[in-house]
Amino acid sequence: MRFLVTGSAGLVGRQVVKDLLPSYPHVYSCYHASKPETGTATHLDLSSPESIIRVVESVKPDVIIHLAALTNVDQCETDRDMATKLNVKSTAILSEQAAKHNAFLLYVSTDYVFDGKTGMKKETDRTDPVDYYGKSKLEGERAVQEIASSWCIARTSTPYGIHPKKKSFPLFVAENLQAKAPLDIVTDQYTSPTYVPNLSRMLIEVSSRKIQGIIHLAGATRISRYEMAEIVAEKLHLDKKLLRPTSIAAMNWTAKRPNDSSLDVSKAASLLKEKPVTVKQGLDLFIQELEQKPN
Ligand SMILES: NC(=O)c1ccc[n+]([C@@H]2O[C@H](COP(=O)([O-])OP(=O)(O)OC[C@H]3O[C@@H](n4cnc5c(N)ncnc54)[C@H](OP(=O)(O)O)[C@@H]3O)[C@@H](O)[C@H]2O)c1
Numbered sequence: 114m115r116f117l118v119t120g121s122a123g124l125v126g127r128q129v130v131k132d133l134l135p136s137y138p139h140v141y142s143c144y145h146a147s148k149p150e151t152g153t154a155t156h157l158d159l160s161s162p163e164s165i166i167r168v169v170e171s172v173k174p175d176v177i178i179h180l181a182a183l184t185n186v187d188q189c190e191t192d193r194d195m196a197t198k199l200n201v202k203s204t205a206i207l208s209e210q211a212a213k214h215n216a217f218l219l220y221v222s223t224d225y226v227f228d229g230k231t232g233m234k235k236e237t238d239r240t241d242p243v244d245y246y247g248k249s250k251l252e253g254e255r256a257v258q259e260i261a262s263s264w265c266i267a268r269t270s271t272p273y274g275i276h277p278k279k280k281s282f283p284l285f286v287a288e289n290l291q292a293k294a295p296l297d298i299v300t301d302q303y304t305s306p307t308y309v310p311n312l313s314r315m316l317i318e319v320s321s322r323k324i325q326g327i328i329h330l331a332g333a334t335r336i337s338r339y340e341m342a343e344i345v346a347e348k349l350h351l352d353k354k355l356l357r358p359t360s361i362a363a364m365n366w367t368a369k370r371p372n373d374s375s376l377d378v379s380k381a382a383s384l385l386k387e388k389p390v391t392v393k394q395g396l397d398l399f400i401q402e403l404e405q406k407p408n
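Structure below.
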């Protein structure tokens, strides 16, 4: 199977390419600004339809894992044209190309497609995003459903893992607490934090088995940001008293945030060999990985 991975140098994409390679030698890692370390580096500009068409025509993939997006929630709010271009239009063109070349399209979407009034959302629950990032990703989902012929939409939630440039939430907490810096952390935002290597293996299983439809691929625990920070402090024996409880309203973020965007992952748990892990399991693995990482 030939895999084309967009966003291959991003937080999730970097791990996916690394995990695909031992089993699949033909992995085309698409990038825009940051060249990926592994796979066949393939330049792709999602804001250019010609670039998307050219890349798919030349690679002729069997599977496309579409991870690239404008993921900065506040930037999506202020630069809606760019969010529409990268999250909606490029997804529609990629869907057309997938259909034309009989490729399976796995589109990675977000927990932010829900309004967050109540959590633990199932795949069949009503979507109603509160911010432009969520709206643009939902429009991307609709394009996939309408245009692609063989597809899966995998919604995930607050991924965390090791990345050379992106600092995941647990590492941000750990570094601040190690520096004895007080940290304001929201108590009223609940998600399903997802350990990136676990997500990567679930994405690879879904795409290699060509599982169709919508599936929630996220961590198995619904938890607030504050509670997660407390667990990080406990596991690393850092001073929990430096964590200062605050609220979404006090954060002055540009875009609105859903209060509870946790996802029900029972479909993934029953269907996949790679099961969603709990936040405690994920953090243990994350800390082990950090300890093994050369400085
Ligand atoms: N991070 C989250 O909290 C979260 C939560 C739920 C769902 N998701 C979804 O999960 C997926 C992966 O997220 P992530 O955190 O791994 O993202 P990320 O680290 O922000 O990476 C985004 C990727 O998009 C690529 N990209 C941006 N503009 C591009 C363009 N014009 N042409 C081609 N590529 C472009 C970037 O490539 P360059 O660096 O080369 O520009 C980058 O590799 C996304 O679809 C996101 O919506 C993320």
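In the numbering used here, the protein residues as written are 114 to 408. Even for Gly, the Cβ is constructed at its ideal location relative to N, Cα and C.
Euclidean distance between Cα positions of residue i and residue j
{"i": "residue 331", "j": "residue 390", "result": "8 Å"}
{"i": "residue 158", "j": "residue 144", "result": "8 Å"}
{"i": "residue 216", "j": "residue 301", "result": "41 Å"}
{"i": "residue 187", "j": "residue 366", "result": "7 Å"}
{"i": "residue 212", "j": "residue 117", "result": "14 Å"}
{"i": "residue 204", "j": "residue 276", "result": "25 Å"}
{"i": "residue 396", "j": "residue 280", "result": "15 Å"}
{"i": "residue 315", "j": "residue 238", "result": "21 Å"}
Residue i beta carbon near ligand 1 (any heavy atom closer than 7 Å)
{"i": "residue 303", "result": "no"}
{"i": "residue 120", "result": "yes"}
{"i": "residue 144", "result": "yes"}
{"i": "residue 283", "result": "no"}
{"i": "residue 269", "result": "yes"}
{"i": "residue 171", "result": "no"}
{"i": "residue 277", "result": "no"}
{"i": "residue 242", "result": "no"}
{"i": "residue 182", "result": "yes"}
{"i": "residue 159", "result": "yes"}
{"i": "residue 223", "result": "yes"}
{"i": "residue 272", "result": "yes"}
Where residue i falls: helix, strand or coil (DSSP)
{"i": "residue 274", "result": "coil"}
{"i": "residue 167", "result": "helix"}
{"i": "residue 142", "result": "strand"}
{"i": "residue 227", "result": "coil"}
{"i": "residue 197", "result": "helix"}
{"i": "residue 382", "result": "helix"}
{"i": "residue 268", "result": "strand"}
{"i": "residue 373", "result": "strand"}
{"i": "residue 131", "result": "helix"}
{"i": "residue 154", "result": "strand"}
{"i": "residue 119", "result": "strand"}
{"i": "residue 136", "result": "coil"}
{"i": "residue 221", "result": "strand"}
{"i": "residue 180", "result": "coil"}
Buried or exposed by the 16-neighbour rule on C-beta atoms within 10 Å, applied to residue i
{"i": "residue 341", "result": "buried"}
{"i": "residue 128", "result": "buried"}
{"i": "residue 350", "result": "exposed"}
{"i": "residue 357", "result": "exposed"}
{"i": "residue 274", "result": "buried"}
{"i": "residue 210", "result": "buried"}
{"i": "residue 119", "result": "buried"}
{"i": "residue 295", "result": "exposed"}
{"i": "residue 364", "result": "exposed"}
{"i": "residue 353", "result": "exposed"}
{"i": "residue 406", "result": "exposed"}
{"i": "residue 329", "result": "buried"}
{"i": "residue 156", "result": "exposed"}
{"i": "residue 232", "result": "buried"}
{"i": "residue 234", "result": "buried"}
Every unbroken alpha helix (DSSP H) within the stretch 271–328, with a cutoff of 4 residues, ordered by chain: You should have 282–291, 309–322.
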